[in-house]
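To start, the structure itself, in structure tokens.
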Amino acid sequence: MLEKAPTDRTAQQVLTAYLAGVGEAAGAVASMGRATCRTSLNLSAAQAGQALSSAAAAPDAAQTPATPLIVRDMLDRAGCKRP
29 MLEKAPTDRT AQQVLTAYLA GVGEAAGAVA SMGRATCRTS LNLSAAQAGQ
79 ALSSAAAAPD AAQTPATPLI VRDMLDRAGC KRP
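For what it's worth, the working numbering labels the leading residue of the sequence shown as 29, then goes sequentially.
Take a look at the structure:
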């Protein structure tokens with residue numbers, strides 16, 4: 029979807045819905061874990077793409093679902109720490 033979104037309206041809609049859900053999941057993870065974050069959580073298609081590209085170098089990247097990689101990246105970028 030990331031590659032198709034710039035030129036395909038349906039892909040844009042699907043990607044927007046997915047990223048919104050991932051953002052909500054990250055917020056829930058931070059809240060349930062009582063994490064404190066230095067900055068607010070945020071996510072864009074470019075940031076999601078960067079997180080996936082960075083994770084692609086890991087040996088088990090092909091078996092890892094995208095959502096946990098993106099959520100971890102969001103939490104890391106916001107400087108979230110558990111008490």
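Even glycine gets a Cβ: it sits at the ideal position worked out from N, Cα and C.
Alpha carbon to alpha carbon, how far is residue i from residue j?
{"i": "residue 44", "j": "residue 70", "result": "13 Å"}
{"i": "residue 97", "j": "residue 36", "result": "25 Å"}
{"i": "residue 59", "j": "residue 79", "result": "22 Å"}
{"i": "residue 90", "j": "residue 83", "result": "9 Å"}
{"i": "residue 18", "j": "residue 99", "result": "Summary: the structure shown does not reach residue 18, with the chain confined to residues 29 through 111, and so no result is reported for it."}
{"i": "residue 87", "j": "residue 52", "result": "28 Å"}
{"i": "residue 34", "j": "residue 40", "result": "7 Å"}
Relative to the alpha-carbon of residue i, which residue among the options has its alpha-carbon at the smallest distance?
{"i": "residue 95", "options": "81, 36, 50", "result": "50"}
{"i": "residue 31", "options": "76, 57, 52, 85", "result": "76"}
{"i": "residue 107", "options": "55, 68, 80", "result": "68"}
{"i": "residue 104", "options": "39, 87, 57", "result": "57"}
{"i": "residue 46", "options": "66, 72, 59", "result": "72"}
{"i": "residue 101", "options": "74, 60, 29", "result": "74"}
Taking the CB atoms as reference points, tell me whether residue i and residue j lie closer together than 8 Å.
{"i": "residue 111", "j": "residue 62", "result": "yes"}
Taking all protein chains shown into account, decide if residue i is buried (16 or more other Cβ within 10 angstroms of its Cβ) or exposed.
{"i": "residue 54", "result": "buried"}
So, at 7 Å on beta carbons, what are the nonlocal neighbours of residue i in its own chain, with the 5 sequence-adjacent residues on each side left out?
{"i": "residue 109", "result": "63, 64"}
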